[in-house]
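Note sheet for the following structure.
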Amino acid sequence: MRRSFSAAIIFFLVAGFASAQDLSSTIGKVGSKYAQAYVTPAANAFGVDLNSGLFHTAKVGGMLPFGLNLYVGVQVGAALITSPDQSFNLSYQDTMYFSQKIGSQIYRIGVPATFNTTNAPTIFGSTQKGMAIGTASKDTIIAGQPFHFSRTDTINTIGGLLNTSIAPIPIPQVGVGSLFGTDIFVRYLPKIKLSSYGSVSLFGYGIRHSISQYIPLIPIDIAVQLGWQNFSLEDSTGSKVLNASTFAANLEVSKTFAIITLYGGLQTESSTVDVNYSYTPPVTQFNPNPQAIPISFSVKGKNTFRALVGFNLGLGPLVINADYSIGAINAVTAGIGISI
């Protein structure tokens, strides 16, 4: 049962953004600047999803002895992908190669080139490959002779991995509390490998403190919370393709009416996604044996603040929640768990 649950979690984690192996091999066909424009919407969505579902009530404590509470469940954060996040325009630099025979010697010359692409798909865009037009021109001296190299190339780049308007990630979550009006949550997924999808791992934790406990007879619950998380995605060779780190701090309020609890909050947050891969230039008659180039870059998450509203249903120990958040990137969250 535990293996099946883990497999289901890893399947949705990976399928939601395409597999790590597919991502690694796909961006391995383009250079750093192109890959960054291609991956940035996914990096933003990762940050939003990981910082979603951190709470579903502002009440700290529960029905167990001494006011203790235990929550075990899954929260699914889903960033909403808009049209501007599905394509991009870009001008970038690369190299075109020329060959020149002088006598019996063949010289291979690399010439800086400027490529331009319009309406190219991001990771969340059309699966049809983008197109880039590159131009190169250079005057140089070889073996004491002047030469002029000039060419215009049109190349196919890469297509999107998942043409979608929503990017969900389910995250296992456990909450325990309270002690002196304070509780904690833990998000954990051990490193799990699943066939050609590669592997993922997740660890996160947070601490929350009740503010309403200091205000006698207040009719609502108020709390503040801090949370940190780290998510890692590797390809099938064990190479780390993506590593995401997040932080969030929020102010929460909620009010319970029988089995329904309405909740909301204001949250400041940050995320950083590190991407690592090897870029192999295309094979051409001028460059028949291209060498792989290791590339690394980081993307700072677009979302830095959100306001959210939601509700949860307490059906005995079963708790079902949903909320909607508004920020630089909007998101929906749904969760289900057991709370005692």
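Under our numbering, the first residue of the sequence shown is numbered 24, with each subsequent residue one higher.
Beta carbons are placed, not taken as given, at the ideal position from N, Cα and C, and that holds for glycine.
Nothing here was measured: the structure is a model prediction, and the numbers come from that model.
Query: Under the three-state DSSP convention, the category Ser29 falls into; Result: Residue placement at Ser29 is flagged as unreliable, the pLDDT there being 43, under the threshold of 50; the coordinate-derived value follows with that caveat. Three-state DSSP puts Ser29 in a helix.
Query: Expected contact under 8 angstroms - CB spacing of Ile189 and Val99 to nearest Å; Result: That pair is no contact at about 11 angstroms.
Query: Stretch-stretch touch, CB-based, cutoff 8 angstroms, three pairs: the segment 195 to 207 with the segment 324 to 339; Result: no
Query: Continuous beta strand (DSSP E) assignments of at least 3 residues falling wholly in the segment 155 to 223; Result: 168 to 179, 189 to 200, 205 to 216
Query: Nearest-angstrom Cα separation, counted from Ile132 out to Val37; Result: For Val37, the pLDDT reaches just 48, beneath the cut-off of 50, and the residue's location in the model is therefore unreliable, although a value from the coordinates is still provided. In a straight line, the C-alpha of Val37 is about 41 angstroms away from that of Ile132.
Query: Residue environment, Ala143, which counts as buried when at least 16 other CB atoms sit within 10 Å; Result: buried
Query: Residue environment, Gly350, which counts as buried when at least 16 other CB atoms sit within 10 Å; Result: buried
Query: Assigned secondary structure, Asn310 (DSSP; H/G/I helix, E/B strand, else coil); Result: coil
Query: Distance, Gly157 Cα to Ala293 Cα; Result: Note that residue 293 corresponds to Ser in the displayed sequence, not to Ala. Between Ser293 and Gly157, the C-alpha separation is close to 36 angstroms.
Query: Cβ pair Thr152, Thr175 closer than 8 angstroms; Result: One detail in the question is off: residue 152 reads as Lys in this sequence, not Thr. Contact: no.
Query: Contact between the segment 110 to 130 and the segment 51 to 61 (3+ Cβ pairs under 8 angstroms); Result: yes
Query: Gly227 versus Val306: straight-line alpha-carbon distance, rounded; Result: 43 angstroms
Query: Buried versus exposed, by CB contacts within 10 Å (16 or more), Leu46; Result: buried
Query: DSSP state of Gly39 mapped onto helix, strand, coil; Result: Confidence is the limiting factor: at Gly39 the pLDDT is only 44, short of 50, which leaves the residue's position unreliable, though a coordinate-based value still follows. Note: Gly39 maps to coil in three-state DSSP.
Query: Cβ-Cβ distance between Ala272 and Val296 below 8 angstroms; Result: no
Query: Close-in-space but distant-in-sequence residues of the same chain around Ile343 (CB under 6 angstroms, 5 per side omitted); Result: Leu336, Ile359
Query: Assigned secondary structure, Asn326 (DSSP; H/G/I helix, E/B strand, else coil); Result: coil
Query: Leu184 vs Val223 beta-carbon contact at 8 angstroms; Result: no
Query: For Phe270, three-class secondary structure by DSSP; Result: strand
Query: Close-in-space but distant-in-sequence residues of the same chain around Tyr120 (CB under 8 angstroms, 5 per side omitted); Result: Arg131, Ile132, Gly133, Val134, Thr307, Phe309, Asn310
Query: Stretch pair the segment 239 to 254 + the segment 272 to 283: three plus CB contacts closer than 8 angstroms; Result: yes
Query: Close beta carbons around Ser27, own chain, < 7 angstroms, minus the five adjacent residues each side; Result: With a pLDDT of only 43 at Ser27, under the threshold of 50, the placement of this residue in the model should not be trusted, and no figure is reported.
Query: Through-space distance from Thr260 to Ile361, alpha-carbon basis; Result: 37 angstroms
Query: Straight-line Cα distance separating Gln109 from Thr49; Result: 16 angstroms
Query: Cut-off 8 angstroms between Cβ atoms - residues of its own chain near Ile207, not counting five sequence neighbours on either side; Result: Gly198, Val199, Gly200, Tyr228, Gly229, Ile230, Arg231
Query: Val83 (DSSP reduced to helix, strand or coil); Result: coil
Query: Element boundaries [alpha helix (DSSP H), containing Ala351]; Result: Counting along the chain, Ala351 falls outside any alpha helix (DSSP H), and DSSP gives it neither H nor E.
Query: For Asp258, three-class secondary structure by DSSP; Result: coil
Query: Neighbourhood of Lys216 by C-beta, 6 angstroms cutoff - its chain only, sequence neighbours within 5 removed; Result: Ser222
Query: Leu77 beta carbon less than 8 angstroms from that of Gly182; Result: no
Query: In DSSP terms, what Gln248 is bridged to; Result: Arg231, Asn273
Query: Same chain, Cβ closer than 6 angstroms to Ala68, neighbours up to 5 away in sequence not counted; Result: Ala102, Ala190
Query: Contact under 8 angstroms by Cβ, Val355 with Val62; Result: no
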